[in-house]
Amino acid sequence: MKRGWSVLVAVLVLAALGAGGWFLAGWYGGAGPDKATSFVVPQGATLTSTAQKLAEEGLISSSDGFLLRAKLLGSGDPVKAGEFAIPPGASPASILDTLQHGEVIRRFVTIPEGLPSVMVHERLMAEPLLTGEIAVPAEGSVLPDSYDFERGEARADVLARMQGAMSEFIAAEWPGRDKDLPVSTPEEAIALAAIVEKETGVPRERRMVAGLYSNRLRKGMRLQADPTIIYPITRGKPLGRRIRRSEIDAVNGYNTYSMVGLPVGPITNPGRESILAVLHPADTDAIYMVADGSGGHAFSDTLAGHNDNVAAWRKLRRQRGEIE
């Protein structure tokens, strides 16, 4: 009789161990996706709704089994909203831990230096993982940089970070500006920096170009910056043709060929280095510049010197067959 009871007890223990092993294997054993995938936890999702979504997307075999094991074996922390990377073969336990404590996938949108606001708007609206509508931001209000975002984030929130970055940067740098600058407000500094940004693509020239335009402002000379002619026509997009005489003579709030002083506002979104160049311009007497054929410019502080530089540039263009 005793032997019979012993056998029964042994059978029950083995059954219990087997059931326990099955229960644990269903939690810690790898049974996730065949390949790496992403999973999105919506805002306000509960553990129950998340389990149902995991089952629907084939990342777990049973939402009920997942919930039971999660309540007995998992953490009591809530799942986080966002997009998460799920590796191939992930166990239900590791999936839950990822959704509770893992980092959400961050994606990036890049705004290069000198991108006008109409194109910032186009870039944000073209990003399919962002949501919502935005208006074209004020010119010069966005700080060029790479910005991270989450899938499903509102475009307005991403744009607000871009504009907040510009506000923070100019607020931090303005107090340390050089003395006797020809710009009297941060807004004027950004307007001049936008011209510097569009006038040279050579980083080492930025402070020199800023110094030249600062000299012109002090002397009451017209800035005569070609990009200010183009901006009222295209809002900063490439013109795609030569500037017409009528456009050079046009009178508006931006054309610095027909007015003295700065435009009424920025003509693009300048980067950090162009802003710093305006706040700390080169110590120069230069008031003229012309392309030198190398991608940069030749600078002069006299009209005679400038005319020599122009002649050299025209000679080079003739040699290249660009003009007769």
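By numbering that gives the first Met the number 0, the letter at position 232 of the sequence shown is numbered 231, and the numbering carries on one by one without gaps. Note that CB positions come from ideal geometry on N, CA and C, so glycine has one too.
**Request:** Going by CA-CA distance only, name the one from ILE169, VAL108, LEU98 that's closest to PRO86.
**Result:** LEU98
**Item:** Backbone CA spacing between SER5 and LEU23 [nearest angstrom]
**Value:** Any answer about SER5 is weak, because its pLDDT of 49 lies below 50 and its placement is not dependable; what the coordinates show is given next. In a straight line, the C-alpha of SER5 is about 26 Å away from that of LEU23.
**Request:** Would you please state the rounded distance, in angstroms, between the beta carbons of THR255 and PRO265? I believe it to be under 8 Å.
**Result:** In fact, because the Cβ distance is near 13 Å, the residues do not count as touching under 8 Å.
**Message:** So for ILE110, helix, strand or coil by DSSP?
**Reply:** strand
**Request:** List the endpoints of the continuous alpha helix (DSSP H) containing MET220.
**Result:** That residue, MET220, is in no alpha helix (DSSP H); it is neither H nor E in DSSP.
**Message:** For HIS296, report the span of its beta strand (DSSP E) as first-last.
**Reply:** 296 to 299
**Request:** Closer than 6 Å by C-beta to PRO185: which residues in its own chain qualify, once you throw out the five before and the five after it? Chain order, please.
**Result:** ILE169, TRP173
**Asked** In three-state terms, what does DSSP make of MET288?
**Response** strand
**Request:** Using beta-carbon positions only, say whether ILE59 and PRO111 come within less than 8 Å of one another.
**Result:** no
**Request:** Could you tell me which of GLY101, GLY139, VAL182, ALA281 sits nearest to ALA164, measuring between CA atoms?
**Result:** GLY139
**Prompt:** Quick one: what's got a C-beta closer than 7 Å to ILE247's C-beta in the same chain, skipping five residues either side?
**Reply:** ILE228, TYR256
**Request:** Check LEU273 in the structure and name its three-state DSSP category.
**Result:** Before going further, note that residue 273 is Ser rather than Leu in the sequence given. SER273: helix per DSSP, three-state reduction.
**Request:** Quick one: using the 10 Å Cβ neighbour count with 16 as the cut-off for buried, is THR233 buried or exposed?
**Result:** exposed
**Prompt:** Taking just the CA atoms, how far does ASN214 sit from ASP284?
**Reply:** 7 Å
**Request:** Kindly indicate which three-state DSSP category ALA89 falls into: helix, strand or coil?
**Result:** coil
**Request:** Can you give me the start and stop residues for the alpha helix (DSSP H) that ASP144 sits inside?
**Result:** Taken as a continuous stretch (DSSP letters only), ASP144 belongs to no alpha helix (DSSP H), being part of the beta strand (DSSP E) at 144 to 148.
**Request:** Would you check if the distance between the CB atom of GLY81 and the CB atom of VAL40 is smaller than 8 Å?
**Result:** yes
**Prompt:** Looking at C-alpha atoms only, which residue of ILE286, TYR287, PHE298, THR267 is the closest neighbour of ALA137?
**Reply:** THR267
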